[in-house]
Structure formats: C-alpha cells, structure tokens
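Each residue of the sequence shown is one higher than the one before, starting from 2 at the first, in our numbering.
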Amino acid sequence: MTDLPSTDRLELDNGTQAWDDVLDRLTAFVESWESEAEPPRIADYLPESPPTLVRLVLVELIKADLEYRWKHDREPRTIEQYAEEFPSLRGSNGLPCDLIVEEYLVRQQLGLAGSPDDYLHRFADQAKSLERLFAIQTHNRSGTLRMRDDVPQIEPGQRLDDFDLLETLGQGAFARVMLARQNSMQRLVALKVSRRCGQEAQTLAQLDHPNIVRVYDQRYLSDEGLGLLYMEYVRGDDLAALVRRVRETPPSMRNGQLVLDVIDAALARHD
C-alpha cells in the first residue's frame with residue numbers, strides 16, 4: 002500500500018494540507034482498487050486524527066468503495082454494513098444522508114436501486130432529510146414518488162436571468178454546470194443549474210481558502226423552477242486528465258492548485 006502522510010498535527014482549518022491529505026488517501030485507495038486482486042480495506046487508508054478529518058476521509062472512501070463494489074460486483078455493501086464496520090459513521094441524526102443518496106445513485110445506474118420510497122422506508126427516521134436530498138414529490142394518491150430533479154434542458158446560447166450561457170462544462174444526475182457570462186458584473190462564472198436551491202452555497206462558502214473555488218451567490222427562478230448557484234470559474238482539464246495528473250504528481254509536489262482543479266472538475270461532473 003502507498004505510504005500515507007502523518008496527520009498528527011493536521012487540522013481542518015489548514016485547508017490546503019487537509020485537502021491534500023484527503024486527496025492522497027482517496028487516490029491511493031482508488032489505485033489499490035484498480036491494481037490489487039482483493040478489494041482494499043478502508044481502515045488502512047484512514048488517518049489517526051483529528052476526528053473531523055477522519056470522518057471526512059471515511060465518507061469519501063466509502064463513496065469510492067460503494068461505486069467499485071457495486072459496478073464490478075465485488076461483494077456489494079449497503080450503508081448499514083459500512084456502519085457496522087465503522088460505528089462512528091452513525092451520528093446523533095443517523096447515517097450521513099449524502100452516503101444514503103450515493104448508494105441509491107450508484108445502484109440506480111445499474112438498475113438495482115428500486116425507488117426513492119424504498120429508501121424513505123428503509124431510513125424512516127431520516128425521511129425528511131432524505132426527501133430534501135432526493136427532491137421528490139408525491140404525484141398520485143398511492144404515494145408513489147418520483148425524482149423531481151431531472152436535469153434542466155438548457156443549452157449554450159440561452160439566457161437565464163442575468164446569465165448568458167456560453168458552454169457546457171459538465172452534467173450530473175441532477176444538475177448541469179455551464180460556463181456563463183454574468184452581465185451585471187461583466188465576469189465569467191461557473192453556473193450550476195438544477196431544479197432545487199438548498200444549502201450548498203452556504204456549505205461551500207464556509208470553505209474560505211484561497212485555493213478553493215469561491216462561491217459568489219445563489220438565486221431561485223420561481224417561474225422556471227430553477228436554482229442557480231454561481232461560482233468563480235477556473236479553467237482546467239477534464240476529470241480524466243486531472244486524475245492522471247494526480248497519479249503522475251509526486252505527493253511532495255501536490256499543492257493547492259492541483260486540489261482546486263480536482264474540485265472544479267468534480268463540481269462540473271457531479272451534483
């Protein structure tokens with residue numbers, strides 16, 4: 002296994018070092034999945050401390066592990082099974098909702114997910130939080146639920162509110178990210194367009210660090226039913242190229258800009 006950095010004095014307020022460490026561990030974990038005969042053990046890639054960093058790394062490793070196990074049929078696991086192995090994953094409000102949704106999305110791609118209602122029943126104590134993440138609505142009396150967050154049908158050349166859409170940067174399950182011109186400010190922005198407008202802007206804005214993409218603001222277009230999240234635009238390579246760059250870059254030479262590129266590409270590809 003690749004040697005991993007010590008985190009004895011690493012704190013999350015040291016943004017660059019924290020993200021470098023997360024990236025190192027996640028990259029090493031993925032490389033093991035791709036090169037080893039047996040699935041890697043998540044525990045081998047976790048830092049010893051601090052607890053906040055341990056949890057952050059754990060959640061990201063589980064997301065990667067979920068995808069590899071289900072897509073390659075390598076002893077697929079459910080979120081509950083991960084919680085049995087890592088009891089700290091279960092907090093006072095239950096299991097991380099983003100992990101529950103991640104399991105659904107991975108299985109949905111394979112036609113194995115069932116419906117969102119199955120997850121609301123399976124995690125009944127967290128149903129309200131999951132409803133917000135799934136952005137679902139009842140559309141008949143039987144209570145059958147459907148995903149409301151279909152990807153908005155927008156194209157370069159259109160105008161949305163204050164934004165001229167110039168180029169598609171990426172698309173995820175629930176959103177499309179566009180390169181756009183914000184006319185009132187005369188600047189280029191990365192504009193994420195989805196059918197919801199939640200707490201993502203506030204969450205990302207808390208990552209106040211010069212090497213992390215700045216979130217400008219968000220707004221909701223009620224007539225169109227679209228949520229707009231607009232961020233600083235940093236031109237970079239596609240995700241495949243960035244992954245290659247990470248693997249080819251020695252740990253000692255990985256810096257904040259490399260992390261920024263990866264985050265930028267991930268925001269463009271995923272919701």
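For each residue, glycine too, the CB sits at the ideal point set by N, CA and C.
Alpha helix (DSSP H) segment containing residue i, residue limits
i	result
Leu47	Leu47 -> no alpha helix (DSSP H), and no H or E assigned at all.
Phe135	Ala128 to Phe135
Arg108	Cys98 to Gln110
Secondary structure of residue i, DSSP reduced to three states
i	result
Thr79	coil
Tyr234	coil
Ser195	strand
Gln183	strand
Arg91	coil
Asp21	helix
Arg42	coil
Ala176	strand
Asp1	For residue 1 there is no data in the structure shown, the boundaries of the chain being 2 and 272.
Gln227	The sequence given here places Leu at residue 227; Gln does not occur at that position. Strand.
Leu27	helix
Leu189	strand
Leu59	helix
Leu113	coil
Residue from the options whose Cα sits closest to the Cα of residue i
i	options	result
Leu47	Leu161, Tyr217 and Arg56	Arg56
Tyr105	Arg78, Lys129 and Gly95	Arg78
Tyr221	Met186, Glu233 and Leu192	Leu192
Asp224	Asp99, Phe87 and Leu161	Leu161
Cys98	Ile80, Ser185 and Lys72	Ile80
Glu86	Thr53, Ile63, Glu156 and Gln159	Ile63
Leu131	Asn94, Gln109 and Asp163	Asn94
Pro153	Leu227, Phe164 and Arg108	Leu227
Cβ shell of residue i (< 7 Å), same chain only, five flanking positions each side left out
i	result
Glu61	Val23 and Leu27
Pro41	Phe30, Ser33 and Trp34
Leu170	Val178, Met179, Leu180, Ala191 and Ala269
Trp71	Pro77, Val107, Arg108 and Leu111
Start-to-end residues for the beta strand (DSSP E) that takes in residue i
i	result
Arg123	Taken as a continuous stretch (DSSP letters only), Arg123 belongs to no beta strand (DSSP E), being part of the alpha helix (DSSP H) at Pro117 to Arg123.
Glu168	Phe164 to Gln172
Own chain residues within Cβ distance below 6 Å of residue i, not counting five before or after
i	result
Phe135	Pro117
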